[in-house]
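When you line the sequence shown up against our numbering, it's residues 21 to 192, in that order.
See below for the structure under consideration.
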Amino acid sequence: MEDALGVIRLLEGIPYHQRVTLSDGIQIRFLDAGHLLGSASIELWLTEDGVTKKLLFSGDIGNIHQPLINDPEYPESADYVIMESTYGDRSHGPKPDYVPELAKIIQETLDRGGNLVIPSFAVGRTQEMLYFIREIKAEHLVHGHGEFPVYVDSPLAVEASLPYAPLNQRWG
21 MEDALGVIRL LEGIPYHQRV TLSDGIQIRF LDAGHLLGSA SIELWLTEDG VTKKLLFSGD
81 IGNIHQPLIN DPEYPESADY VIMESTYGDR SHGPKPDYVP ELAKIIQETL DRGGNLVIPS
141 FAVGRTQEML YFIREIKAEH LVHGHGEFPV YVDSPLAVEA SLPYAPLNQR WG
C-alpha cells in the first residue's frame, strides 16, 4: 500500500493540448476523447536518430453532441494508431432526442401509480440519464405529479456523479 501511495504522490495532471517532453526524444499531448468526463487520447512523438514517428493511442472515442461531454478531438495525422475499435466497422447516425420518449414513459408510469426503474451503467450513462430527467423536470414535460422524486440506488453511480456537479450550465 505504501508503494501505491508513493506513486500517487508522483502523479501530475496535464491539461489537454499541452505538449510535454517526458525525456529526450519522447513527447506527449492529450486530446479530449469525448467518451467520459476526463477521458483522453494520447499523441506520442518518438524521435530516434533524427527521425520522428507519431503514435496515437486511444481507448473509446465518444460521440458528438453529447449533453455532458465535449465532442471528441481528432489528431491531424499519425504514423501509427493503436485504439479500441468495438464499433470500428459501423457508421452511427445522429443520436435521437431521448427526452420526449423518456418523458412519455415517465408520465405513463406515474399516471398508473407505478415506479420507474432505469438500469444504467454507473459511470457515464447514469449521469446522462439524470441530465435528461432534469431537462424533463425543467421543461415541465410530466404533468400532475409535481416534483416527482428521483433516486440513484448505486453508491458507485453517486460517487461517479460528483465530478459532474460543477457543470451547472449543463447538469443543473
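A virtual CB, placed ideally from N, CA and C, is assigned to each residue, including glycine.
Exercise. Is DSSP giving D131 helix, strand or coil here?
Worked result: helix
Exercise. When we look at the beta-carbon of I54 and count the other beta-carbons within 10 Å, is it buried (16 or more) or exposed?
Worked result: The question names Ile, yet the displayed sequence has Gly at residue 54. If you draw a 10 Å sphere on the C-beta of G54, you find 16 or more other C-beta atoms in it, and that means buried.
For this session: Rank Y100, V137, V172 and A142 by C-alpha distance to the C-alpha of L64 and give the top, closest one.
Result: Y100
For this session: Tell me whether the beta-carbon of K115 lies closer than 8 Å to the beta-carbon of H85.
Result: Yes, they are a contact pair.
Problem set entry | Exposed unless 16 or more other CB atoms sit within 10 angstroms - verdict on G192 | Confidence at G192 is low in this model, with a pLDDT of 43, below 50, so its placement is unreliable and no value can be given for it.
Problem set entry | Contained beta strand (DSSP E) runs [length at least 3] in the stretch 21-59, N- to C-terminal order | 40-43 and 46-52
For this session: Please name the residue in Q47, F77, L150 and I89 whose C-alpha comes closest to that of P139.
Result: L150
Exercise. Would you say V162 and L136 are within 8 Å of each other, going by their C-beta atoms?
Worked result: no
Problem set entry | Sequence-distant residues of the same chain with beta carbon closer than 6 Å to K73, five excluded per side | L66 and D99
Exercise. Is it buried or exposed for A24, if we count other Cβ within 10 angstroms and need 16 for buried?
Worked result: exposed
Exercise. Nearest to A185 by alpha carbon, out of G82, N83, Q147 and I46?
Worked result: Q147
For this session: Go through its chain and collect everything with a Cβ distance to A142's Cβ below 7 Å, but skip five positions before and after it.
Result: S174, L176, A177 and A180
Problem set entry | DSSP-derived helix/strand/coil call for Y94 | Here Y94 carries a coil assignment [DSSP, helix/strand/coil].
For this session: Give the straight-line distance between the Cα atoms of S43 and I34, rounded to the nearest whole angstrom.
Result: 16 Å
Exercise. Y94 to D52, Cα distance in whole Å?
Worked result: 8 Å
Exercise. Would I28 pass as a contact of V40 if the rule is Cβ separation under 8 Å?
Worked result: no
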